[in-house]
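A quick write-up on the structure given underneath.
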Amino acid sequence: MSETPAGKTGVLLVNLGSPASPKTGDVRRFLREFLGDPRVVNLPRPLWWLILNLFVLPFRPRKSAHAYQSIWTEQGSPLIVFSQQLTEKLKARHGGPSLTIDCAMRYGKPALRDKLRDLKKQGVDEIVILPLYPQYSSTTTASIFDIVADEFVDWRHMPGLRFISDFHQHPAYIAAVAASVQQHWQQNGQAQLLVMSFHDLPAKLTEWGDPYYYQCQASARLIAEQLGLAETQWKLVFQSRFGRAEWLKPYCVEVLEELPKQGIRQIDMICPGFSVDCLETLEEIAIANRELFLEAGGESYRYIPCLNDSDAHVELMLELIRTAR
Numbered sequence: 009m010s011e012t013p014a015g016k017t018g019v020l021l022v023n024l025g026s027p028a029s030p031k032t033g034d035v036r037r038f039l040r041e042f043l044g045d046p047r048v049v050n051l052p053r054p055l056w057w058l059i060l061n062l063f064v065l066p067f068r069p070r071k072s073a074h075a076y077q078s079i080w081t082e083q084g085s086p087l088i089v090f091s092q093q094l095t096e097k098l099k100a101r102h103g104g105p106s107l108t109i110d111c112a113m114r115y116g117k118p119a120l121r122d123k124l125r126d127l128k129k130q131g132v133d134e135i136v137i138l139p140l141y142p143q144y145s146s147t148t149t150a151s152i153f154d155i156v157a158d159e160f161v162d163w164r165h166m167p168g169l170r171f172i173s174d175f176h177q178h179p180a181y182i183a184a185v186a187a188s189v190q191q192h193w194q195q196n197g198q199a200q201l202l203v204m205s206f207h208d209l210p211a212k213l214t215e216w217g218d219p220y221y222y223q224c225q226a227s228a229r230l231i232a233e234q235l236g237l238a239e240t241q242w243k244l245v246f247q248s249r250f251g252r253a254e255w256l257k258p259y260c261v262e263v264l265e266e267l268p269k270q271g272i273r274q275i276d277m278i279c280p281g282f283s284v285d286c287l288e289t290l291e292e293i294a295i296a297n298r299e300l301f302l303e304a305g306g307e308s309y310r311y312i313p314c315l316n317d318s319d320a321h322v323e324l325m326l327e328l329i330r331t332a333r
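Residue numbering for the sequence shown follows this note's numbering, beginning at 9 and increasing consecutively.
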């Protein structure tokens, strides 16, 4: 048996996850795991258990399954396909005997726990966890750390750990997003307004110390500055609100309904908080919200894809890994 190379590092790119298929049963299983995470829903557990099992899981999976069916590919879920393609490109260009690279999902498969155990079997000296969330949130990034910490409890020999909490203002991230917008404009022309949409969160989390809201603002401002946009040429919004509580504002759907009344009928949409395209970008933003904007009087609505497995995204991941090692 060959000896493990000295200084071997294992890297895991970690994303949220996806149902195994767009069938209602698989969507229900995924939502049960996702919405059952205390980090995701901050309600007393007994109360949320009743809501989840009596009012959410009996009804929401069918609606969500229909949405997944509209964006599902022959290869599977776009979120998992793009995450794996990004990982494979990074591995092909920069992996080797001393650097093993893989990807995992917080919910569903490939499971984060399983991938951590794979690295343990390989005898890595250090593990780098890179959540594919540019902005930190207790509902996403911290939930990944929970699994890592819980898994490490039973390890007798713990390797070194580097956990990348966020990269919301990393120059390579800002440059990559801005470059994708510029490329779109070169090919299609520039719309009246660039709308930057981030996933929404309950407003209460900001009061409790979650920095997500401020990091979204910082990212949007830096992207706008990189593009040389005036304040009137871009706008930040939040999407995917769930429930009746107050969430971060402005709400995407409300802004899209109002823009045509203000004379803004041509917009470009980007989602800088998503590393790869998924249900929220491909179905909600690119399809449903486009219809909403056009019905409200808009004339042109163009969605600019996430970084996905682009070369710029691969190099960004490499730079983050280098910084963490």
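Glycine included, every Cβ here is placed at the ideal spot set by N, Cα and C.
- The segment 211-218 makes contact with the segment 138-149: 3 or more CB pairs, one atom from each, lie closer than 8 Å.
- Listed in chain order, the non-local C-beta contacts of E254 below 6 Å within the same chain comprise A211, local neighbours out to five positions each way being set aside.
- Judged by their CB atoms, L244 and F301 are not nearer to each other than the 7 Å cut-off.
- The C-alpha of L290 lies about 20 Å from the C-alpha of F42.
- Following the DSSP letters along the chain, one finds K243 inside the beta strand (DSSP E) bounded by residues W242 to Q247.
- With respect to the 7 Å criterion, P30 and A100 are not classified as neighbours on the basis of their beta carbons.
- DSSP, reduced to helix, strand and coil, places Y220 within a helical segment of the structure shown.
- I293 and Y311 have their C-alpha atoms some 7 Å from each other.
- Three or more beta-carbon pairs separated by less than 8 Å are not found between the segment 162-171 and the segment 196-213, which leaves the two stretches without contact.
- Judged by beta-carbon spacing, Y181 lies beyond the 7 Å limit of L326, meaning their Cβ atoms are not closer than that value.
- Distance check between C314 and each of A28, R53, L94 and V48 places L94 closest, using alpha-carbon atoms only.
- Taking C-beta atoms as the reference points, R36 and L62 fail to come closer than 7 Å.
- A184 counts as buried, since no fewer than 16 other beta carbons sit within 10 angstroms of its beta carbon.
- Boundaries around S205 are those of the beta strand (DSSP E), L201 to H207, since no alpha helix (DSSP H) includes it.
- Sequence-distant Cβ neighbours of Y76 in its own chain, meaning closer than 7 Å and more than five residues away, are P27, P30, V35 and L287.
- Of the other Cβ atoms in all chains shown, fewer than 16 fall within 10 Å of the Cβ of S106; this residue is therefore exposed.
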